[in-house]
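Shown next, in C-alpha cells, is the structure this report addresses.
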Amino acid sequence: MPLNEKDLRLLVETCADMLDADPDDKEDRMKQFETLLEKFSEELKTCSKKRLAEAILPRVREFRRARAMAQARRRSV
Amino acid sequence: MFHVDYHADPTDWIPGKILMEEMERELTQKRTHLLRRVSNWMTAVSIFQRIEHKRMVENEPSLRDFEFHKALGTFYHGVGEMLLLELQEQKSIDPKWIGMSFEGFAAAVRSLGYSLRMWHSDMSEAEREGILDAFKREGP
Numbered sequence: 029m030p031l032n033e034k035d036l037r038l039l040v041e042t043c044a045d046m047l048d049a050d051p052d053d054k055e056d057r058m059k060q061f062e063t064l065l066e067k068f069s070e071e072l073k074t075c076s077k078k079r080l081a082e083a084i085l086p087r088v089r090e091f092r093r094a095r096a097m098a099q100a101r102r103r104s105v
Numbered sequence: 304m305f306h307v308d309y310h311a312d313p314t315d316w317i318p319g320k321i322l323m324e325e326m327e328r329e330l331t332q333k334r335t336h337l338l339r340r341v342s343n344w345m346t347a348v349s350i351f352q353r354i355e356h357k358r359m360v361e362n363e364p365s366l367r368d369f370e371f372h373k374a375l376g377t378f379y380h381g382v383g384e385m386l387l388l389e390l391q392e393q394k395s396i397d398p399k400w401i402g403m404s405f406e407g408f409a410a411a412v413r414s415l416g417y418s419l420r421m422w423h424s425d426m427s428e429a430e431r432e433g434i435l436d437a438f439k440r441e442g443p
C-alpha cells in the first residue's frame, strides 16, 4: 500500500478523534490509531511507531484547532 | 516555577491545580481506596482536558498556558501510570465497578501521554520533516 498525503491525513484525523473522544469511546479510538501507526511505521521501515506518532502530532494540533474553530463558527450561526 | 498567582484569571488552570493538590494529598496519605483514586483521576483529567481544549485548542496558548499545561499534564500522567501499576498488582480490584475497563483506563493514560507529546515534543523540525518526507516520496 503506498504511503501518501491521504494516508497521513487519515493518521492525523484518527489521532485527533482519539484525543477528543469521550472516555467510553477512548479505547476503541486508541486501537484504531495505534493499528494505523503500526501499519504505516512498518511500511516506512525506517521509523518506529513512537517516532511516527511524534512526527504527526503537530499536524494533529493544527487539525484539532481548525476543527474546533469550524465548530465554533457553526454554533454562532 | 509559576510566575503568576492563583487569582490572575479565574477561568483558567486553577481547577486543574486544585485537583492536583487534592491528589497529592491522597498520594501522601495513601488512605483512599484504589477505585476511588482511579475515579478521582478520571474526573481530574476530564476537567484538565476541558481547560486544555479551551485554552490550547480553541485559542492560541500563551507561554503561561504552556507552563501550566506541561506541569499539570505531566503530574496527571505520572499519577495515571502509578494507578495502572497498582491496578495490575491488585487484580481483585477491577475498575469495571466504576464503569470503566482496565483497557479503557490504560487507553486514557496513553491518550494523555500523546497529548503531552503533542504540545511539548522535543523532536526537532528537521527530524519531523525527515519522517514525514518518507510519506511523500513513497506516495503514488
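Sequence lines, in order, name chains A and B.
With the first sequence counted from 1, adding 28 to any position gets you the working numbering.
With the second sequence counted from 1, adding 303 to any position gets you the working numbering.
Backbone N, C-alpha and C fix where the C-beta goes; we use that ideal spot for every residue, glycine too.
Because the structure is a prediction, the values reported are computed rather than measured.
Cβ neighbour criterion (16 or more within 10 Å) applied to residue i
| i | result |
| --- | --- |
| B:G480 | One cannot answer for residue 480 of chain B here, as it falls past the ends of chain B, which runs 304 to 443. |
| A:T42 | buried |
| A:L85 | buried |
| B:I354 | buried |
| B:S404 | exposed |
| B:S349 | exposed |
| B:L366 | exposed |
| B:V330 | The sequence shown places Leu at residue 330 of chain B, rather than the Val named in the question. Burial call: exposed. |
| B:S414 | buried |
| A:E82 | buried |
| B:I401 | exposed |
| B:M345 | buried |
| B:I321 | exposed |
| B:R339 | exposed |
Residue i at chain D interface by Cβ criterion, 9 Å
| i | result |
| --- | --- |
| A:V105 | In summary, chain D is missing from the structure at hand, where the protein chains are A and B. |
Residue-level contact to chain A via CB, residue i, 9 Å cutoff
| i | result |
| --- | --- |
| B:R358 | no |
| B:M345 | yes |
| B:W400 | no |
| B:S340 | One detail in the question is off: residue 340 of chain B reads as Arg in this sequence, not Ser. No, B:R340 does not count as interfacial toward chain A. |
| B:L435 | yes |
| B:M426 | yes |
| B:G407 | yes |
| B:S365 | no |
| B:M403 | yes |
| B:S414 | yes |
| B:A429 | no |
| B:E384 | no |
| B:Y379 | no |
| B:R353 | no |
| B:M326 | no |
| B:S395 | no |
DSSP-derived helix/strand/coil call for residue i
| i | result |
| --- | --- |
| B:G319 | helix |
| A:P30 | Since pLDDT at A:P30 reaches only 48, below the 50 mark, its modelled position is unreliable, and the value read off the structure follows with that caveat. The answer is coil: DSSP assigns A:P30 none of H, G, I, E or B. |
| A:D48 | helix |
| B:S365 | coil |
| B:K394 | coil |
| A:V88 | helix |
| B:H306 | Confidence at B:H306 is low in this model, with a pLDDT of 47, below 50, so its placement is unreliable and the value that follows should be read with caution. If DSSP states are grouped into helix, strand and coil, B:H306 belongs with coil. |
| B:G402 | coil |
| B:H336 | coil |
| B:M426 | coil |
| A:V40 | helix |
| A:S76 | coil |
| A:V105 | coil |
Test: residue i CB closer than 9 Å to a CB of chain B
| i | result |
| --- | --- |
| A:A83 | yes |
| A:E55 | yes |
| A:K106 | Residue 106 of chain A is absent from the model: chain A starts at 29 and stops at 105. |
| A:R102 | no |
| A:D48 | yes |
| A:D45 | no |
| A:L80 | yes |
Residue i CB to nearest heavy atom of the ligand MN below 8 Å
| i | result |
| --- | --- |
| B:E392 | Within the structure as shown, the ligand MN is missing, as the structure has no ligands at all. |
Are the stretch 404-422 of chain B and the stretch 369-383 of chain B touching by the rule of at least three beta carbon pairs closer than 8 Å? As far as the Cβ criterion goes, the stretch 404-422 of chain B touches the stretch 369-383 of chain B, which means the pair count is three or higher.
Does the count of Cβ pairs from the stretch 357-365 of chain B and the stretch 383-395 of chain B closer than 8 Å reach three? Contact between the stretch 357-365 of chain B and the stretch 383-395 of chain B is absent: fewer than three C-beta pairs spanning the two stretches fall below 8 Å.
At least three beta-carbon pairs within less than 8 Å, the stretch 63-79 of chain A to the stretch 93-101 of chain A: no
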